[in-house]
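These notes concern the structure reproduced below.
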Ligand SMILES: [Zn+2]
Ligand SMILES: [Zn+2]
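Residue numbers (our numbering): 421 to 563.
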């Protein structure tokens with residue numbers, strides 16, 4: 421966790437910002453979470469964070485490349501640590517309740533994708549740098 425906060429601090433400095441107590445609390449909450457969090461979910465974990473400043477601070481953290489906004493199937497923005505901080509993973513998105521969970525990337529799937537990406541490079545000249553995979557469906561509670 422110290423490493424993540426050190427990285428966050430350095431990236432904020434790069435864009436002329438500081439790692440304030442509130443921003444550190446946001447990074448800390450996201451680092452502990454099992455998946456991307458909405459602002460109301462963050463505030464359940466950190467009741468001391470004001471709603472308005474939480475949004476503003478998340479935008480600053482996003483601009484600094486520390487957090488990433490996940491687009492789901494409902495109207496809520498969800499936030500997670502940037503992938504170079506959190507590690508590579510995919511998402512399970514429930515189309516009924518909107519819940520978003522992280523799921524580890526399996527080695528077999530990553531190998532298949534690497535082979536597919538190499539084929540795409542041969543046929544189109546496009547070089548894949550990374551990928552994002554969201555599986556959309558029904559969570560256990562909704563199915
Ligand atoms: Zn659901
Ligand atoms: Zn993957």
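C-beta atoms are modelled at their ideal positions from N, C-alpha and C, and glycine is treated no differently.
Asked: Could you check how far apart the C-beta atoms of residue 438 and residue 485 are, in whole angstroms? I think they sit under 8 Å.; Found: That pair is no contact at about 16 Å.
Asked: Taking the alpha-carbon positions, what's the residue 524 to residue 472 distance?; Found: 32 Å
Asked: Tell me whether residue 530, by its Cβ, gets closer than 7 Å to a heavy atom of ligand 2.; Found: yes
Asked: Closer than 5 Å is what we want: which residues have a beta carbon that near any heavy atom of ligand 1? List them in chain order.; Found: 514, 516, 517, 519, 559, 562
Asked: Out of 442, 458, 508, which has the shortest C-alpha to C-alpha gap to residue 491?; Found: 458
Asked: Does the Cβ of residue 446 have 16 or more other Cβ atoms within 10 Å, making it buried, or fewer, making it exposed?; Found: buried
Asked: Only counting runs of 4 or more residues, tell me where the alpha helix (DSSP H) segments fall wholly within the region 483-527, in order along the chain.; Found: 503-506
Asked: Based on the DSSP output, what are the partners of residue 557 in its beta bridges?; Found: 514
Asked: Take residue 497 and list the residues in its own chain whose beta-carbon comes closer than 6 Å to its own, dropping the five residues that flank it on each side.; Found: 489
Asked: For residue 533, verify whether its CB is less than 7 Å away from any heavy atom of ligand 2.; Found: yes
Asked: Ligand 2 and residue 553: does any heavy atom of the ligand fall closer than 7 Å to the residue's C-beta?; Found: yes
Asked: Going by C-alpha distance, which of 515, 551, 474 is nearest residue 507?; Found: 551
Asked: Only counting the same chain, and skipping five residues up and downstream in sequence, which positions put a Cβ closer than 8 Å to that of residue 440?; Found: 477
Asked: Are residue 514 and residue 558 closer than 8 Å when you measure CB to CB?; Found: yes
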